[in-house]
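Peer 1: To convert, count from 1 in the sequence shown and add 935; that's the working numbering.
A single structure is presented below for examination.
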Amino acid sequence: MSEFRTRFAGIGACLPDRILTNDELSSMVDTSDSWIRERTGIRQRHLAAEGETTSDLAERAARRALDQAGLTPDDVDLIIVATTTPDFTFPSVASMIQGRLGITRGAAFDVQAVCTGFIYALTTADNFLARGQAKCALVIGAETMSRILDWTDRTTCVLFGDGAGAMVLTAEPPADEGIEDRGVLATYLRSDGRYKDLLHVDGGPSSTGTVGHLRMAGNQVFRHAVTNIAESMSTLATQAGVDIADINWFVPHQANQRILEGVARKLSIPTEKVISTVADHGNTSAASVPLAFDRAMQDGRIKSGDLVLMEALGGGFTWGAALLRV
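In structure tokens:
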């Protein structure tokens, strides 16, 4: 039995100022606005400026999340950053954020589960908080995916963008019996390394000594994504004793509008319950779930007391879901 419930306290986001539209992208590679929209639903993406790093975006998102939560860096004793595109091989982005925020206690580390990274990071933080090993966690998804793209490969460069989202979580006693409990209600993680070649980066410190470029077998990833994401969502709902129909909002990883629609059809979820930001952000990997969550809170769709299911699938393959009552 957990000693504490992990509560949601605040959310924040950061997108680089530079916007790359489909029309502008079509002057760089053999593609078009209609080709991209038809296949992905994306119309633009944000790109980090020269010299702007993953930690820069993460820090801004973290500060905004703390402000929204009404907390300060002095309250934080755990930082977990999900990223595939760290500033350096080491130190971790999380430890850099810890230093920038002036935090001198607790732990800070990165997790790497590509697009599922935020779900993995949230689940890890939940375990620390529920066991009483931390009191306040910053969970951040931050990426500069533009730095690992092959800008001559139209099958991948049209999909990805840069950004960061941060969530503040706190440990609080569970609600008394008969009172609706809030916070992280359940999480579910999976991975299957047999499918590594379908979505990977073709470089790294130990193999090539280079950063490498993102490579993807799009059609095969699509099929696995719809199947695995739907499985994680239905399994999580069953474990939590919640009917899919009773969930207020679904905040999916923003990979492709067709994937979002395919999962919704498979589980008979009304499209108006699915938060979609892929048109404006593209695929921001580990940042996409908190970025979409932030958008839906800012525009008033997600409200206090709502039941929200977040899910993602990423390279590895990794996939998973988390159920949260705001």
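Glycine is no exception: its CB is placed at the ideal position from the N, C-alpha and C atoms.
I need the straight-line Cα distance from arginine 1150 to leucine 1134, nearest angstrom please.
Peer 2: Working through the sequence shown from its first residue, we reach residue 1150 at position 215. Working through the sequence shown from its first residue, we reach residue 1134 at position 199. When rounded, the distance between both Cα atoms is 6 Å.
Peer 1: Return yes when the Cβ of glycine 1037 is within less than 9 Å of the Cβ of aspartate 1002, no when it is not.
Peer 2: Here residue 1002 refers to the residue found at position 67 when the sequence shown is read from its first residue. Here residue 1037 refers to the residue found at position 102 when the sequence shown is read from its first residue. No, they are not a contact pair.
Peer 1: Okay, do the stretch 1112 to 1131 and the stretch 1248 to 1257 touch, 3+ Cβ pairs below 8 Å being the bar?
Peer 2: Result yes; three or more Cβ-Cβ pairs closer than 8 Å.
Peer 1: Nearest-angstrom Cα distance between glycine 1076 and glutamine 1189?
Peer 2: Along the sequence shown, one-based indexing puts residue 1076 at 141. Along the sequence shown, one-based indexing puts residue 1189 at 254. Each residue's alpha carbon lies about 13 Å from the other.
Peer 1: Could you check whether glutamate 994 and isoleucine 954 sit closer than 9 Å to each other, using their CB atoms as the reference points?
Peer 2: Mapped onto the sequence shown, residue 954 falls at position 19. Mapped onto the sequence shown, residue 994 falls at position 59. Result no, Cβ atoms of isoleucine 954 and glutamate 994 do not sit closer than 9 Å.
Peer 1: Leaving out five residues before and five after arginine 998 in sequence, what residues of the same chain have Cβ atoms less than 8 Å from its Cβ?
Peer 2: Translated into positions along the sequence shown, residue 998 becomes position 63. Within the same chain, arginine 998 has close Cβ partners Gly947 and Leu1036.
Peer 1: Might you give, ordered along the chain, the residues of its own chain that have their beta carbon closer than 8 Å to the beta carbon of asparagine 1193, omitting 5 neighbours on each side?
Peer 2: Your numbering for residue 1193 matches position 258 in the sequence shown. The sequence shown places arginine at residue 1193, rather than the asparagine named in the question. Around arginine 1193: Arg974, Thr975, Gly976 and Phe1157.
Peer 1: Work out the CA separation of isoleucine 1179 and glycine 1118 for me, nearest whole Å.
Peer 2: As a working note, residue 1118 is residue 183 in the sequence shown. As a working note, residue 1179 is residue 244 in the sequence shown. Roughly 18 Å between the two C-alpha positions.
Peer 1: When you compare each of Ala1056, Val1261 and Thr941 to glycine 1240 by their alpha carbons, which one comes out closest?
Peer 2: Walking along the sequence shown from the start, residue 1240 turns up at place 305. When each option's Cα is compared against that of glycine 1240, the closest is Val1261.
Peer 1: When you compare only the Cα positions, how much space is there between aspartate 1132 and methionine 1080?
Peer 2: Looking up residue 1132 in the sequence shown gives position 197. Looking up residue 1080 in the sequence shown gives position 145. One C-alpha to the other measures close to 18 Å.
Peer 1: Is it right to say proline 1108 is buried, meaning 16 or more other beta carbons lie within 10 angstroms of its own, or is it exposed?
Peer 2: Start at 1 with the first residue of the sequence shown, and residue 1108 comes out as number 173. Flag for proline 1108 reads exposed.
Peer 1: Enumerate in chain order the residues of its own chain whose CB-to-CB distance from aspartate 1181 is below 8 Å, with the five nearest sequence positions on each side excluded.
Peer 2: Position 246 of the sequence shown, counted from the first residue, corresponds to residue 1181. The residues are Leu1242.
Peer 1: Using beta carbons (cut-off 9 Å, strictly below), is alanine 1065 in contact with chain D?
Peer 2: Considering every chain present, this structure includes no chain D. It has just one protein chain.
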